[in-house]
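Residue numbers (my numbering): 466 to 845.
Below is one structure, written out as structure tokens; the observations come after it.
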Ligand SMILES: Cc1cc2nc3c(=O)[nH]c(=O)nc-3n(C[C@H](O)[C@H](O)[C@H](O)COP(=O)(O)OP(=O)(O)OC[C@H]3O[C@@H](n4cnc5c(N)ncnc54)[C@H](O)[C@@H]3O)c2cc1C
């Protein structure tokens, strides 16, 4: 790590690393078989102080506005090859929490924030629908005002933490206007009319519960609106850079973890009377990947530094997101190749890294959408 971490960060990293070694790695295979993380992981992480850094002390949190702590959690979990848990923590701390800390009234904060720190509340965000993903303006879930409530109808799909989640930020349509017609409602999962659909079968991230959600005449109090009606699109766009930064932290650390593990493997495995590490092809492939990861880490650290100063722009976050996640996919692919047939076996960490990496260039905004943001920033 090249970023400027202080002694408290190093101590925190040690405690996260122990937590990952003891509470995540030994259980991960079981969670993959269950297609879901054990929700107790969240309360254990809460006790360990891994959740809700930015929650003010008045609402039960440490009140630490320092993304380096967030990054350490995502970094350590992903480096250990537990991407499904990594994305769950990333959602809790980096993706959804900012809506609840930055866009809420004191009354809403008091209701929602304490549970996010203890892990009793598990967060999710529901934007994507069967008919629209990249194009948020295509959202069709409706929220119609009826007295003190909105009546919500529609369905969402591909929602992470969809089975375990207890509190969701839901993007809804409150009027026909393309952009100003979107609003964000916070929905408790025990609201009548809220139902979870299938836990979707994916090619990777097997321990992550990714689900459909359906809303049928679901009455959500107006008191659960985030900010003002019609601001949803702008609120989403405002928070996406941190989401993308967090995904990039996961990408670089997961790829570094795979590279380390592959370096061990090529020293142990022999062919034609010598370790495969002795072949020039192996050396060149690993030398190239190590160089690219060095670049990626330096670039990532610079973006984290910028973000801590409040200066990370949407365009830079988009550049970082597409480039680091595409690199992660390539690293996993090349490292799998160096494992030969064993790399195709689920019991090998590189196989999990390969399938888990593939989604990274899609969610949080696809590589193509990231490039449209960068191109717009270039004035074309
Ligand atoms: C495992 C998983 C977890 C997810 N978690 C969540 C979650 O928690 N919450 C949530 O709301 N969503 C979630 N998603 C949804 C995810 O964000 C979307 O799948 C993603 O944004 C892409 O949308 P789409 O699938 O509708 O693809 P589409 O938008 O249909 O895109 C299909 C293809 O067209 C390309 N394309 C689209 N528009 C353009 C364009 N303008 N220019 C060039 N190419 C374009 C895309 O890049 C892509 O290659 C998750 C998805 C998965 C698979």
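All residues carry an ideal CB built from backbone N, CA and C; glycine is no exception.
Taking 7 Å as the line, does the beta carbon of residue i fall inside it for any heavy atom of ligand 1?
| i | result |
| --- | --- |
| residue 625 | yes |
| residue 833 | yes |
| residue 551 | no |
| residue 810 | no |
| residue 742 | no |
| residue 871 | Here the chain has residues from 466 to 845 only, and residue 871 is not among them. |
| residue 764 | no |
| residue 670 | yes |
| residue 828 | yes |
| residue 589 | yes |
| residue 643 | no |
| residue 837 | yes |
| residue 593 | yes |
| residue 824 | yes |
| residue 732 | no |
| residue 786 | no |
| residue 675 | yes |
| residue 667 | yes |
Got a sec: does ligand 2 put a non-hydrogen atom nearer than 7 Å to the Cβ of residue i?
| i | result |
| --- | --- |
| residue 599 | Here the bound small molecules are ligand 1; ligand 2 is not part of this structure. |
For residue i, count the other beta carbons within 10 Å of its own beta carbon; 16 or more makes it buried, fewer makes it exposed. Which is it?
| i | result |
| --- | --- |
| residue 706 | buried |
| residue 846 | There is no way to answer for residue 846, as the model of the chain reaches only from 466 to 845. |
| residue 478 | buried |
| residue 476 | exposed |
| residue 678 | buried |
| residue 533 | buried |
| residue 840 | exposed |
| residue 693 | exposed |
| residue 489 | buried |
| residue 578 | buried |
| residue 843 | exposed |
| residue 642 | exposed |
Looking only at its chain, what residues have a beta carbon closer than 7 Å to the beta carbon of residue i, apart from the 5 residues adjacent to it on each side?
| i | result |
| --- | --- |
| residue 469 | none |
| residue 522 | 528 |
| residue 530 | 519 |
| residue 729 | none |
| residue 661 | 627, 628, 676, 678 |
| residue 512 | none |
| residue 846 | There is no way to answer for residue 846, as the model of the chain reaches only from 466 to 845. |
Once you ignore the five residues that flank residue i on each side, which residues in its own chain have a CB closer than 8 Å to its CB?
| i | result |
| --- | --- |
| residue 768 | 710, 713, 777, 781, 782, 785 |
| residue 748 | 742 |
| residue 724 | 751, 754, 755, 758, 796, 800 |
| residue 507 | 516, 553, 557, 584, 585, 587, 629 |
| residue 594 | 603, 604, 605, 606, 619, 620, 621, 622 |
Just confirm the distance between the C-beta atoms of residue i and residue j, as a whole number of angstroms; I'd bet it's less than 8 Å.
| i | j | result |
| --- | --- | --- |
| residue 564 | residue 700 | 7 Å |
| residue 818 | residue 546 | 6 Å |
| residue 599 | residue 834 | 5 Å |
| residue 721 | residue 544 | 6 Å |
| residue 638 | residue 647 | 6 Å |
| residue 549 | residue 736 | That pair is no contact at about 33 Å. |
| residue 629 | residue 500 | Contact flag wrong, Cβ pair sits at about 11 Å. |
| residue 542 | residue 551 | 4 Å |
| residue 596 | residue 606 | Residue 596 to residue 606, Cβ: 10 Å. No contact. |
| residue 658 | residue 680 | 6 Å |
| residue 683 | residue 617 | 4 Å |
| residue 823 | residue 668 | 7 Å |
| residue 555 | residue 715 | 6 Å |
| residue 613 | residue 502 | About 35 Å separates the two Cβ atoms, so there is no contact after all. |
Ignore the nearest five residues each way along the sequence and tell me which others in residue i's own chain have a CB closer than 6 Å to its CB.
| i | result |
| --- | --- |
| residue 466 | Only weak support is given to the placement of residue 466: the predicted model assigns it a pLDDT of 48, under 50, and the value that follows is read from those uncertain coordinates. So no residue of the chain qualifies. |
| residue 517 | 526, 581, 582 |
| residue 761 | 717, 789, 792 |
| residue 445 | In this structure the chain extends from 466 to 845, so residue 445 is not present and cannot be described. |
| residue 814 | 546, 726 |
| residue 829 | 708, 709, 712 |
| residue 640 | 646 |
| residue 484 | 513 |
| field | Secondary structure, beta strand (DSSP E): runs of 3+ residues fully inside the region 640 to 682 | value | 647 to 653, 659 to 664
| What runs of the alpha helix (DSSP H), each 4 residues or longer, lie entirely inside the region 478 to 536? | 493 to 499, 505 to 512
| query | Could you give the uninterrupted runs of the alpha helix (DSSP H) lying entirely in the region 724 to 793, keeping only those of 4 residues or more? | reply | 745 to 773
| Where in the region 811 to 837 do unbroken runs of the alpha helix (DSSP H), each at least 4 residues long, occur, reported from the N-terminal end onward? | 814 to 823
| message | Could you tell me which whole alpha helix (DSSP H) segments of length 4 or greater appear in the region 567 to 596? | response | 571 to 583
| Contained alpha helix (DSSP H) runs [length at least 4] in the region 682 to 707, N- to C-terminal order | The region 682 to 707 contains no whole alpha helix (DSSP H) run of 4 or more residues.
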